[in-house]
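Step one of this worksheet: look at the structure below.
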Amino acid sequence: VVGPHMVDVNGKLYTAKHILISVGGRPFMPDIPGIEHAIDSDAALDLPSKPGKIAIVGGGYIALEFAGIFNGLKSEVHVFIRQKKVLRGFDDE
Numbered sequence: 001v002v003g004p005h006m007v008d009v010n011g012k013l014y015t016a017k018h019i020l021i022s023v024g025g026r027p028f029m030p031d032i033p034g035i036e037h038a039i040d041s042d043a044a045l046d047l048p049s050k051p052g053k054i055a056i057v058g059g060g061y062i063a064l065e066f067a068g069i070f071n072g073l074k075s076e077v078h079v080f081i082r083q084k085k086v087l088r089g090f091d092d093e
């Protein structure tokens, strides 16, 4: 970003009223006992069938998107978070 409405991409300047930089996210698998029984969000997309129950660890947007997906598939969904609220860092609206 070279200014409030300009970004430089490999020497080419782009301008816009609003610029959104989305760097993506990567699944994080903590080194804890039993982690070998867990899957990440990439593997969740490759499940051969929908789970009857699923525990989702994390309160970020990807975790909550998957909670919504599995809820829509009629799986019993449980979300576990460390913090006091989900989507920390996002607007309260």
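49 is the number that UniProt numbering gives to position 49 of the sequence shown; each next residue is one higher, with no gaps.
We put the beta carbon where it would ideally sit given N, CA and C, even for glycine.
No experiment lies behind these values; they were computed from the predicted model shown.
What would DSSP say about residue i, mapped onto helix, strand or coil?
i: residue 90; result: coil
i: residue 56; result: strand
i: residue 42; result: helix
i: residue 28; result: coil
i: residue 11; result: coil
i: residue 34; result: coil
i: residue 62; result: helix
i: residue 69; result: helix
Answer yes or no: do residue i and residue j have a C-beta to C-beta separation smaller than 8 Å?
i: residue 75; j: residue 53; result: yes
i: residue 55; j: residue 78; result: yes
i: residue 87; j: residue 61; result: yes
i: residue 42; j: residue 27; result: yes
Within 8 Å (strictly less), CB to CB, does residue i reach chain D?
i: residue 11; result: Here there is only one protein chain, and chain D is not present.
From the DSSP output, read off the bridge partner residues of residue i.
i: residue 47; result: Answer is none; residue 47 lacks a bridge partner.
i: residue 80; result: 57
i: residue 3; result: 6
Who are the near neighbours of residue i in its chain, counting only those whose CB is closer than 8 Å to its CB and skipping five residues on each side?
i: residue 90; result: 61
i: residue 71; result: 77
What residues in its chain sit with their C-beta under 7 Å from that of residue i, if we drop five residues either side in the sequence?
i: residue 35; result: 29
i: residue 33; result: none
i: residue 66; result: 41, 44 and 56
Residues in its own chain within less than 6 Å of residue i by CB, not counting five upstream and five downstream?
i: residue 14; result: 7
Assuming residue i and residue j form a contact by the criterion Cβ under 8 Å, report the distance between their Cβ atoms to the nearest whole angstrom.
i: residue 68; j: residue 83; result: The pair is not a contact, with the Cβ atoms about 19 Å apart (cut-off 8 Å).
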